[in-house]
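Q: This structure is in structure tokens; I'll ask about it shortly.
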Amino acid sequence: MVYRGPYKVRVEEKDMPPIEHPNDAIVRVTLAAICGSDLHLYHGMMPDTRVGMTFGHEFIGVVEQVGPSVERLKPGDRVMVPFNIYCGSCYFCARGLFSNCHNVNPNATAVGGIYGYSHTCGGYDGGQAEFVRVPFADVGPGLIPDWMDDEDALLLTDALPTGYFGAQLGDIAEGDTVVVFGAGPVGLFAAKSAWLMGAGRVIVIDHLDYRLEKARTFAHAETYNFVEYDDIVVHLKKTTDYLGADVVIDAVGAEADGNFLQHVTAAKLKLQGGSPIALNWAIDSVRKGGTVSVVGAYGPLFSAVKFGDAMNKGLTLRMNQCPVKRQWPRLFDHIRNGYLKPSDIVTHRIPLEHIAEGYHIFSAKLDDCIKPLVVPNPA
Amino acid sequence: MDEIPTPYAASTGPALKESAGDLRSRIPGWGADLDPADRPSYPREQPGIETGARWDFPERQEERWPRERSVEHAFVTPVFGTSAPPKGASGAVRKFAYKYSEGRAAHWLLLIAGDRIDAWEHHLRSLATLRPDNPITETGVMSEFTRHGARSRFGRKRTDLSHQWMDPIIAGVPWALAAGGLVAAFRALRKRRTA
């Protein structure tokens with residue numbers, strides 16, 4: 171697929187991606203996904219999103235070709251590819267901050283490299299395609315274990331690790347009350363993960379009832395639709411005996427709803443890096459001394475965040491793009507043990523040739539869509 | 123006197139709704155990562171993780187055109203994406219934007235302006251090809267009819283309906299303005315011929 175401008179994508183024939191670096195691989199994509207953060211690109215919110223770019227940072231596939239220095243992969247290997255592109259050796263990678271690699275994104279120092287996520291994230295084409303260039307093939311990709319389902323492997327490239335990472339950023343202690351804003355894929359996985367870390371109560375907030383239903387059944391969460399309350403922050407205070415939650419996770423990011431002015435200035439007029447409604451609700455509904463974890467994606471421009479309240483309440487604000495591969499060994503264990511079944515959230519499987527419909531369905535939240543997958547060559 | 127809510131008096135916190143035992147039996151895996159040592163991102167920075175890198179500094183990828191870069195970088199990074207090189211007016215705006223650091227609003231606002239110009243340039247250019255941009259197929263709007271557009275929206279308390287009406291305007295503005303321009307040009311031409 172290629173981007174053609176805000177709200178427009180189409181399928182085009184492009185040249186086969188070449189090996190550009192000795193440690194590159196070319197991967198034939200067998201399954202990809204559309205991420206909620208792809209919608210920020212699709213809506214034209216992310217600066218330096220160029221017409222002709224191929225999106226897609228969640229994909230798995232088969233190695234087609236490898237560069238001369240690649241040792242760990244060979245053609246024919248089935249691989250899952252983290253959304254982070256990283257060198258494995260820079261100052262940040264050496265400390266495990268794989269999502270903050272300094273050697274892969276000339277366009278910005280504030281963000282690492284991400285497949286198919288604008289030039290602000292390095293200008294790499296992504297995996298909503300038949301073939302994709304995978305830099306640092308010895309570092310990022312991993313072999314898909316034989317026992318693992320393809321859809322589970324796909325969701326391990328971003329959505330599940332990011333939700334799990336969001337719960338970790340909350341520093342959850344046994345019995346903590348955890349509120350998750352957003353019942354999309356990342357929010358569902360964050361809620362599910364909060365239980366693994368010993369939460370005593372997990373509450374999920376959204377405005378889409380079908381997603382809240384999923385939060386109840388998939389993530390065992392208590393749910394509230396913020397549209398039904400005059401002020402969701404006051405409701406959360408009441409339901410926590412006026413204390414506030416110990417931990418709040420923002421799994422919404424740049425296109426949060428719930429305040430018309432904030433949403434329109436950010437998502438439609440692009441005058442903010444993101445609409446910080448969920449983030450401000452998080453700051454207001456967490457208890458004093460509590461922790462706000464941010465895994466929702468925001469753009470690099472400023473946003474109208476309530477830092478005064480965060481400071482006065484003595485909050486800990488923790489956030490980052492998820493270093494995906496660090497999460498894999500533990501998540502593999504959880505999947506094998508039956509604690510997590512990521513593919514339970516998949517609702518749509520769209521052929522690549524119909525990807526424009528896939529984007530519209532996901533963007534407009536049609537057909538109870540939670541997670542759409544993209545199938546390059548359906549059988 | 124009514125019971126005093128939690129934050130107003132010394133307290134261990136609100137009473138748990140369920141015991142750890144109840145939670146463990148109800149939720150598969152409850153507490154499996156209770157010990158922070160079992161959490162892979164604890165602590166956040168962990169030196170010495172084996173990554174597969176066999177280099178201190180990676181080999182440099184060939185720069186096939188002058189690669190725009192943040193002025194906060196010492197040099198073009200050894201590896202970079204090669205999608206959509208800058209071209210035309212949008213390319214000029216983008217290159218100019220990279221003269222400003224990431225800390226300056228001018229950098230980001232110019233890049234957003236470049237994005238809008240880029241879309242316009244490509245829409246116009248596509249009109250001269252055998253495959254002009256098609257707002258119907260490229261927006262996927264036909265799925266409104268096959269994927270329950272009305273039923274998905276109405277009677278469901280969705281708060282995003284308050285602004286969704288703007289989306290077709292944002293998506294359709296280039297075509298509306300192009301159509302207006304064509305009509306104006308046609309009228310001007312006709313006026314000149316009849317004068």
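For the protein sequence lines, the chains are X and H, in the order given. Quick note: the first sequence uses the working numbering, first residue 171, plus one each step. Quick note: the second sequence uses the working numbering, first residue 123, plus one each step. Beta carbons: idealized from backbone N, C-alpha and C, even for Gly.
(1) Rounded C-beta distance between X/Leu209 and X/Ser533? I'm assuming under 8 Å.
(2) Look at X/Lys384 and X/Ile540 and say whether their C-beta atoms are less than 9 Å apart.
(3) What residues in its chain sit with their C-beta under 6 Å from that of H/His245, if we drop five residues either side in the sequence?
(4) At what residues does the alpha helix (DSSP H) containing X/Pro331 begin and finish?
(5) Measure from the C-beta of H/Trp187 to each C-beta in chain X and report whether the shortest distance is under 9 Å.
(6) Thinking C-alpha only, which one of X/Pro311, X/Ile230, X/Ala299, X/Glu392 is nearest X/Met186?
(7) Short of 8 Å Cβ to Cβ, which residues in the segment 266-282 of chain X face chain H?
(8) Can you grab the Cα-Cα spacing for the pair X/Met250 / X/Gly206, in whole Å?
(9) Taking beta-carbon pairs under 9 Å, can you tell me which members of the segment 250-266 of chain H lie near chain X?
(10) State the start and end residues of the unbroken beta strand (DSSP E) segment that holds X/Gly310.
(11) Round the Cβ separation of X/Leu267 and X/Pro311 to the nearest angstrom and send it over; I've been treating them as touching at under 8 Å.
(12) Measuring only the C-alpha atoms, how far is X/Gly443 from X/Asp514?
(13) Using 10 angstroms around the beta-carbon of X/Asn547, count the other beta-carbons present and answer buried if the total reaches 16, otherwise exposed.
(14) Once you ignore the five residues that flank H/Leu145 on each side, which residues in its own chain have a CB closer than 7 Å to its CB?
(15) Is there contact here, the segment 328-336 of chain X with the segment 347-356 of chain X, by at least three beta-carbon pairs under 8 Å?
(16) Using a Cβ-Cβ distance cut-off of 9 Å, determine whether H/Leu304 contacts chain X.
(17) Buried or exposed: H/Lys313, going by 16 or more other Cβ atoms within 10 Å of its Cβ?
(18) Along the beta strand (DSSP E) that carries X/Val544, what are the first and last residues, could you check?
(19) Counting beta carbon pairs with one atom in the segment 412-423 of chain X and one in the segment 454-470 of chain X, are three or more of them shorter than 8 Å?
(20) In this structure, does DSSP put X/Val418 in helix, strand or coil?
(21) Classify X/Ala521 as helix, strand or coil using the three-state DSSP reduction.
(22) For H/Ile171, which of helix, strand or coil comes out of DSSP?
(23) What are the complete beta strand (DSSP E) segments, minimum 3 residues, inside the segment 196-271 of chain X?
(24) Assuming X/Met223 and X/Gly286 are in contact, meaning their beta carbons sit under 8 Å apart, how far apart are those beta carbons, in whole angstroms?
(25) Please list, in chain order, all residues of the same chain as X/Ala452 whose beta carbon is under 7 Å from its beta carbon, the five residues on each side excluded.
(26) Could you check whether X/Leu449 and X/Ala467 sit closer than 9 Å to each other, using their CB atoms as the reference points?
(27) Within the 9 Å Cβ cut-off, does H/Ser241 reach chain X?
(28) Determine, for X/Val309, whether the minimum Cβ-Cβ distance to residues of chain H falls below 9 Å.
(29) Below 8 Å on C-beta distance, what does X/Asp479 contact in chain H?
(30) In this structure, does DSSP put X/Glu398 in helix, strand or coil?
(31) In angstroms, rounded to a whole number, what distance separates the CA positions of X/Arg303 and H/Trp177?
(32) Classify H/Asp237 as helix, strand or coil using the three-state DSSP reduction.
(33) By the three-class DSSP mapping on this structure, what secondary structure does H/Tyr130 have?
(34) Exposed or buried, H/Ser192, counting other C-beta atoms within 10 Å across all chains shown (16 or more means buried)?
(35) Below 9 Å between beta carbons: does that hold for X/Tyr509 and H/Pro158?
(36) Spatial neighbours of X/Thr486 within its chain, please: CB distance less than 6 Å, with the 5 preceding and 5 following residues excluded, ordered by chain position.
A: A quick look at the data gives this:
(1) 5 Å
(2) A contact, by the Cβ cut-off of 9 Å.
(3) Asp255, Pro296
(4) Element bounds for X/Pro331: 329-339.
(5) no
(6) X/Ala299
(7) Gly266, Leu267, Phe268, His272, Asn273, Val274, Asn275, Pro276, Asn277, Ala278, Thr279, Ala280
(8) 19 Å
(9) Arg253, Asp255, Asn256, Pro257, Thr259, Glu260, Thr261, Gly262, Val263, Met264, Ser265, Glu266
(10) Segment: none, X/Gly310 is in no beta strand (DSSP E) and carries neither H nor E.
(11) Incorrect: roughly 19 Å between the Cβ atoms, too far for contact.
(12) When the Cα atoms are used, X/Gly443 and X/Asp514 turn out to be separated by approximately 32 Å.
(13) exposed
(14) Trp152
(15) yes
(16) no
(17) So H/Lys313 ends up on the exposed side.
(18) 542-545
(19) yes
(20) strand
(21) The displayed chain sequence assigns Pro, not Ala, to residue 521 of chain X. X/Pro521: strand per DSSP, three-state reduction.
(22) DSSP places H/Ile171 outside both helix and strand once states are collapsed to three, so it counts as coil.
(23) 228-236, 248-251
(24) 7 Å
(25) Phe351, Val418, Asp420, Val462
(26) The beta carbons of X/Ala467 and X/Leu449 sit no closer together than 9 Å.
(27) The sequence shown places Ala at residue 241 of chain H, rather than the Ser named in the question. So yes, H/Ala241 belongs to the interface.
(28) X/Val309 belongs to the set of residues whose beta carbon lies under 9 Å from a beta carbon in chain H.
(29) Residues of chain H passing the Cβ test: none, with the nearest at roughly 16 Å.
(30) helix
(31) 20 Å
(32) It is helical.
(33) It is helical.
(34) Under this definition H/Ser192 is a buried residue.
(35) no
(36) Thr461
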